[in-house]
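Chemist: Numbering (the working numbering), first residue to last: 186 to 477.
1. Nearest-angstrom Cα distance between residue 397 and residue 459?
2. In the DSSP assignment, find the unbroken alpha helix (DSSP H) run with residue 411 in it and report its ends.
3. Are residue 422 and residue 391 closer than 8 angstroms when you measure CB to CB?
4. As a quick exercise: from 362, 369, 403, 393, pick the residue whose alpha carbon is nearest that of residue 380.
5. With DSSP collapsed to three states, give me the class of residue 239.
6. Counting Cβ pairs, one atom from each stretch, are 3 or more of them under 8 angstroms apart for the region 257-267 and the region 285-305?
7. DSSP on residue 269, reduced to helix/strand/coil?
8. In angstroms with no decimal places, state the Cα-to-Cα distance between residue 300 and residue 275.
9. Evaluate contact between the region 307-317 and the region 368-378, counting only Cβ atoms and requiring at least three cross-stretch pairs below 8 angstroms.
10. State the Cα-Cα distance for the pair residue 471 and residue 297, rounded to the nearest angstrom.
11. Under three-state DSSP, which class holds residue 379?
12. Let me confirm a value: residue 467 is counted as buried when at least 16 other C-beta atoms fall within 10 Å, else exposed. Which label applies?
13. State the start and end residues of the unbroken beta strand (DSSP E) segment that holds residue 222.
14. Between the alpha carbons of residue 190 and residue 292, how many angstroms are there, rounded?
15. Could you compute how far the alpha carbon of residue 456 sits from the alpha carbon of residue 321?
16. Assuming residue 399 and residue 350 make a contact with CB atoms under 8 angstroms, what is their CB distance in whole Å?
17. Under a three-way DSSP split, which group does residue 319 fall into?
18. Could you give the distance in angstroms between the alpha-carbon of residue 282 and the alpha-carbon of residue 463?
19. May I ask you to report which of helix, strand or coil DSSP gives residue 290?
20. Just checking my contact of residue 393 with residue 461 at CB under 8 angstroms: how many whole Å lie between their CB atoms?
21. Starting from the Cα of residue 435, find the closest Cα among 224, 384, 409 and give me that residue.
22. From which residue to which residue does the alpha helix (DSSP H) around residue 493 run?
23. Contact defined as beta carbons within less than 8 angstroms: I believe residue 358 pairs with residue 329. What is the distance between those atoms, to the nearest angstrom?
24. In this structure, what does DSSP give as the bridge partners for residue 396?
25. Measuring only the C-alpha atoms, how far is residue 438 from residue 427?
26. Answer with yes or no whether the minimum CB distance from residue 414 to chain D is below 8 angstroms.
27. Out of 465, 433, 223, state which residue places its alpha-carbon closest to the alpha-carbon of residue 448.
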């Protein structure tokens, strides 16, 4: 489940890939000689920023598990992801992880009816309900709810302006907040799309502005709102990315973001390493800070 929204730290800095080499065709990572594990990683295309972190996490897991990792760049393209998923299975991988993005995961599930799809990068609710899809991430419908909880703690009874994209992920996220809104004691004052000018969003006079959309669109919005509505609580999906400060071109201090995990939460996972162990492994391998 996502944690409560937290202020993105300016100290995160830009994403550093360290020993992570962007895939150009299949590549085997360190590990034993058993059958490898396949992985679809968007090293290029619209999900490339998230793909760098996805690859970093996979490298850490493969090193800890002593597993060979065969990575293919799906180029953020659903049709290519579906084709490569089948190819990796046919090449003898024990199983295949990914892809990133709900559109790509939807395509993989459609191309492999009856097969298990190990999903660690697609949050859209409809994808997570598909037969055979085993999911790690929280569903999209909980993302803005996490931000709403943070807003309710910071400014009880706040009026919210929502800025959402037109895709299914953003739709699920918006609907989730709309359902939870009364229980949180918040009110949705206005809804906008990313086609609306930031000045119109700021002029709504909301106590908080929450966004859910592509990284580039959120960056443009938050740059403008820093000038137009500096005292308004602001949050979105993208500020949790390690690369966000570099993309924003400034310090994102104060922006809220939902997180799947955080090294300071002190949780004890039932399976896998603790957050502290994961962070230590990342730093030891020169991968730097991992994002949400």
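Beta carbons: idealized from backbone N, C-alpha and C, even for Gly.
Modeler: Judging by the given coordinates:
1. 29 angstroms
2. 400-413
3. no
4. 403
5. helix
6. yes
7. helix
8. Cα to Cα, residue 300 sits roughly 13 angstroms from residue 275.
9. no
10. 36 angstroms
11. coil
12. A buried status is given to residue 467, since no fewer than 16 other beta-carbon atoms sit within 10 Å of its beta-carbon.
13. 222-226
14. With a pLDDT of 40 at residue 190, under the threshold of 50, the modelled position of this residue cannot be trusted; read the value that follows with caution. In a straight line, the C-alpha of residue 190 is about 30 angstroms away from that of residue 292.
15. So the two alpha carbons sit approximately 12 angstroms from each other.
16. By a beta-carbon distance limit of 8 angstroms, residue 399 contacts residue 350. Their separation comes to about 6 angstroms.
17. strand
18. 19 angstroms
19. helix
20. Not quite, the Cβ-Cβ distance comes to about 32 angstroms (not below 8 angstroms), so this is no contact.
21. 409
22. Summary: the structure shown does not reach residue 493, with the chain confined to residues 186 through 477, and so no result is reported for it.
23. About 5 angstroms; that satisfies the 8 angstroms criterion.
24. 348
25. 13 angstroms
26. No chain D is present in this structure, which holds just one protein chain.
27. 465
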